[in-house]
Every structure is written in structure tokens, then in C-alpha cells.
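So the sequence lines, in the order shown, correspond to chains A and B. Just so we're aligned, residue 2 is where the first sequence starts under our numbering, counting upward by one. Just so we're aligned, residue 5 is where the second sequence starts under our numbering, counting upward by one. Please read the structure below before turning to the comments.
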Amino acid sequence: MKAFIFSCNNVFSNEYMSFILNDTKAIEAWISPITNTAIIISKLSVDDLSAVLHGRMGETWFILVEASPLNTSGWLPSNFWEYINNPHSILQNNYLSKLFLNQQSKGY
Amino acid sequence: MNIKDQLNTWGQGLHHSADALMKRGTAMSGIIPTLFLTPVFIGAAWLFQENKLLLWLFSIAAIVIVAFYLIIFLRFAISNPDCLQSEEYRCEVRRINMIAGSNLIEPIAAENLPLEAATFNHVLEKDKNDNEEMSK
Numbered sequence: 002m003k004a005f006i007f008s009c010n011n012v013f014s015n016e017y018m019s020f021i022l023n024d025t026k027a028i029e030a031w032i033s034p035i036t037n038t039a040i041i042i043s044k045l046s047v048d049d050l051s052a053v054l055h056g057r058m059g060e061t062w063f064i065l066v067e068a069s070p071l072n073t074s075g076w077l078p079s080n081f082w083e084y085i086n087n088p089h090s091i092l093q094n095n096y097l098s099k100l101f102l103n104q105q106s107k108g109y
Numbered sequence: 005m006n007i008k009d010q011l012n013t014w015g016q017g018l019h020h021s022a023d024a025l026m027k028r029g030t031a032m033s034g035i036i037p038t039l040f041l042t043p044v045f046i047g048a049a050w051l052f053q054e055n056k057l058l059l060w061l062f063s064i065a066a067i068v069i070v071a072f073y074l075i076i077f078l079r080f081a082i083s084n085p086d087c088l089q090s091e092e093y094r095c096e097v098r099r100i101n102m103i104a105g106s107n108l109i110e111p112i113a114a115e116n117l118p119l120e121a122a123t124f125n126h127v128l129e130k131d132k133n134d135n136e137e138m139s140k
């Protein structure tokens with residue numbers, strides 16, 4: 002399981018970008034804490050995942066890079082670093098999913 | 005109040021409202037200046053009311069400008085209402101960090117999630133520190 006940083010042009014609405022990322026089995030999980038940018042977890046290689054995304058996004062420009070804990074830094078809530086540092090645990094523990102579901106059940 | 009003062013007052017009022025509309029910085033700002041032509045055409049129609057052809061021509065031009073504005077406004081209102089909000093409001097909305105994710109039906113404002121504080125990637129930082137210690 003690998004983590005990728007995906008960033009695309011802002012030609013799509015957030016809703017459509019969510020639809021594209023949700024509508025493929027190639028992506029196991031994703032999170033977008035930055036506009037038009039997502040951290041994606043996938044079993045595929047960067048080439049294969051690029052091909053899948055290109056197939057869905059057509060001629061829209063995007064960039065995809067494999068992110069490892071040792072080549073990625075920035076300024077994010079530490080919950081989100083888990084997507085890059087430990088993608089397996091994100092899928093196994095579903096920590097953030099539970100977090101989201103709890104908030105949704107509270108009516109946010 | 006004579007007619008000159010009255011026209012002056014109307015002009016100032018019109019200028020003030022157009023200024024306020026344009027400063028809001030909505031998607032409509034670009035076509036607001038064309039609305040200035042409406043009172044000009046109405047005035048021209050009134051001036052040339054003896055000539056039926058010019059009267060109709062100026063009246064239709066005034067109506068077309070207002071209709072054009074309303075059609076564009078309605079299109080934005082239906083397809084993308086956010087464009088009609090002021091620039092200040094849209095910038096304010098963008099300042100809020102929104103989180104979207106594979107388990108979310110719709111994005112949630114970061115402030116509504118019990119997220120931990122923002123940090124650098126601690127794994128990378130730890131690795132850097134380890135390497136520095138090794139080199140010593």
C-alpha cells in the first residue's frame with residue numbers, strides 16, 4: 002500500500018473531484034486537506050494510478066507523486082501525516098473514518 | 005428644486021449605487037457599467053419622444069440592457085450562486101480549511117473536526133535527528 006500526493010487544476014468542483022476519487026477501486030482511501038490536492042492511498046504503482054486518473058479526468062492537468070515518510074514534509078494536523086507515514090493503519094484502523102462519521106452523526 | 009438639481013441628485017444616487025455594486029466584486033461587476041446606459045437611453049427616448057422611431061429604438065435598447073443583466077444574473081443564481089456573493093465573502097469562505105475524504109459525503113470545515121495541532125512530518129524530523137546523531 003502506497004501513499005501519493007495528487008494535485009489537479011481547479012476546473013472541477015470539489016464535489017466532482019470527490020466523485021472521481023470515490024468512483025474507482027484503484028483508490029483505497031483519500032483525504033483532501035488542501036484545495037484541489039489529495040493524499041491518496043492505493044496498491045497501484047504511480048504509472049498505473051496516473052493512467053486510471055487520466056482515464057477519468059481526460060485532458061485536465063494533474064500531478065501525482067509517490068509520497069514516503071522520508072521525502073514528505075509540510076504543515077498539517079498530525080492526523081493527516083498518518084496517511085503518508087502509515088497508510089496500512091489508515092485502512093485497518095479506520096481512525097479518520099470514525100472521526101468523520103462521529104462528526105456527521107453530530108450533524109456537522 | 006429645479007430640474008438641473010433633480011438630475012444632479014439622481015446622477016449622484018446612481019453613481020453611488022453603481023459604485024457600491026462594483027466594489028462588491030461579484031461576477032456581475034463586469035457588466036454593471038452597461039447599466040449606466042439605461043438611464044441615458046431612457047433620457048434620450050424622453051427627449052426624442054416626438055420621433056416615434058427614435059423613441060422605440062431608445063426604449064428597446066434600455067429594455068434589452070436590463071433584460072440582459074437580469075438573464076445573466078438568473079443564470080448565475082441558478083448555476084453558480086456563489087459568484088453573486090461579494091469578493092470579501094468568497095475570500096472569507098476560502099480561508100476556512102475544508103477537509104474532504106473518502107468517507108465523507110461532503111467536505112467538513114477543519115474547525116468542526118477534533119484534529120491535532122499542525123506539525124511538520126514527525127517521521128521525517130525524527131529520521132533527520134537520527135542521521136545527525138549518527139554523523140556525530
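Yeah, the Cβ is synthetic: ideal placement off N, Cα and C, and Gly gets one too.
Just tell me which of the options has its CA closest to the CA of residue i.
{"i": "D24 of chain A", "options": "A:K3, A:D48, A:G56 and A:P88", "result": "A:G56"}
{"i": "N86 of chain A", "options": "B:L11, B:F124 and B:A31", "result": "B:F124"}
{"i": "T36 of chain A", "options": "A:N10, A:V47 and A:S74", "result": "A:N10"}
{"i": "F63 of chain A", "options": "A:P34, A:A4, A:P70 and A:M18", "result": "A:M18"}
{"i": "L77 of chain A", "options": "B:G34, B:I36 and B:A122", "result": "B:A122"}
{"i": "E120 of chain B", "options": "A:W82, A:I40, A:P70 and A:S74", "result": "A:W82"}
{"i": "V68 of chain B", "options": "B:L11, B:I46, B:N116 and B:N6", "result": "B:I46"}
{"i": "L135 of chain B", "options": "A:L71, A:E29 and A:G75", "result": "This sequence places Asn at residue 135 of chain B; Leu is not what is there. Comparing Cα positions, the closest option is A:L71."}
{"i": "D131 of chain B", "options": "A:T73, A:S79 and A:A4", "result": "A:T73"}
{"i": "N107 of chain B", "options": "A:E16, A:M2, A:K26 and A:W31", "result": "A:W31"}
{"i": "P111 of chain B", "options": "A:N80, A:K3 and A:N15", "result": "A:N15"}
{"i": "D86 of chain B", "options": "B:G15, B:Q16 and B:T30", "result": "B:T30"}
{"i": "A65 of chain B", "options": "B:L78, B:M138 and B:T38", "result": "B:T38"}
{"i": "H89 of chain A", "options": "A:S46, A:E67, A:F13 and A:E29", "result": "A:E29"}
May I have the straight-line CA-CA distance separating residue i from residue j, to the nearest angstrom?
{"i": "L41 of chain B", "j": "L58 of chain B", "result": "15 Å"}
{"i": "I91 of chain A", "j": "I109 of chain B", "result": "18 Å"}
{"i": "W60 of chain B", "j": "A104 of chain B", "result": "55 Å"}
{"i": "H20 of chain B", "j": "A114 of chain B", "result": "39 Å"}
{"i": "I21 of chain A", "j": "Y93 of chain B", "result": "28 Å"}
{"i": "F80 of chain B", "j": "Y73 of chain B", "result": "11 Å"}
{"i": "K8 of chain B", "j": "Q89 of chain B", "result": "36 Å"}
{"i": "Y109 of chain A", "j": "I6 of chain A", "result": "With a pLDDT of only 46 at Y109 of chain A, under 50, the local geometry of the prediction cannot be trusted, and the value read off the model is given with reservation. Answer to the nearest angstrom: the Cα atoms are 27 Å apart."}
{"i": "S83 of chain B", "j": "G59 of chain A", "result": "23 Å"}
{"i": "N94 of chain A", "j": "S33 of chain B", "result": "50 Å"}
{"i": "L50 of chain A", "j": "I40 of chain A", "result": "13 Å"}
{"i": "T38 of chain A", "j": "F62 of chain B", "result": "52 Å"}
{"i": "Y84 of chain A", "j": "L54 of chain A", "result": "19 Å"}
{"i": "L65 of chain A", "j": "H126 of chain B", "result": "23 Å"}
{"i": "K3 of chain A", "j": "I35 of chain B", "result": "49 Å"}
Does DSSP classify residue i as helix, strand or coil?
{"i": "S69 of chain A", "result": "coil"}
{"i": "L108 of chain B", "result": "coil"}
{"i": "S33 of chain A", "result": "strand"}
{"i": "F63 of chain A", "result": "strand"}
{"i": "Y109 of chain A", "result": "Any reading at Y109 of chain A must be qualified, since the residue scores a pLDDT of 46, below 50, and its modelled position is unreliable; the value itself is stated next. In the structure shown, Y109 of chain A sits in coil (DSSP, three-state: anything other than H, G, I, E or B)."}
{"i": "M138 of chain B", "result": "helix"}
{"i": "I28 of chain A", "result": "strand"}
{"i": "M18 of chain A", "result": "helix"}
{"i": "L92 of chain A", "result": "helix"}
{"i": "M58 of chain A", "result": "helix"}
{"i": "P118 of chain B", "result": "coil"}
{"i": "A71 of chain B", "result": "helix"}
{"i": "T30 of chain B", "result": "coil"}
{"i": "Y84 of chain A", "result": "helix"}
{"i": "K3 of chain A", "result": "strand"}
{"i": "S74 of chain A", "result": "coil"}
Determine, for residue i, whether the minimum Cβ-Cβ distance to residues of chain A falls below 8 Å.
{"i": "E136 of chain B", "result": "no"}
{"i": "V68 of chain B", "result": "no"}
{"i": "I103 of chain B", "result": "yes"}
{"i": "L128 of chain B", "result": "yes"}
{"i": "P111 of chain B", "result": "yes"}
{"i": "S106 of chain B", "result": "yes"}
Does any CB atom of chain B fall closer than 8 Å to the CB of residue i?
{"i": "N94 of chain A", "result": "no"}
{"i": "S33 of chain A", "result": "yes"}
{"i": "I85 of chain A", "result": "yes"}
{"i": "D11 of chain A", "result": "The sequence shown places Asn at residue 11 of chain A, not Asp. Not one chain B Cβ lies under 8 Å of N11 of chain A."}
{"i": "A30 of chain A", "result": "yes"}
{"i": "S19 of chain A", "result": "yes"}
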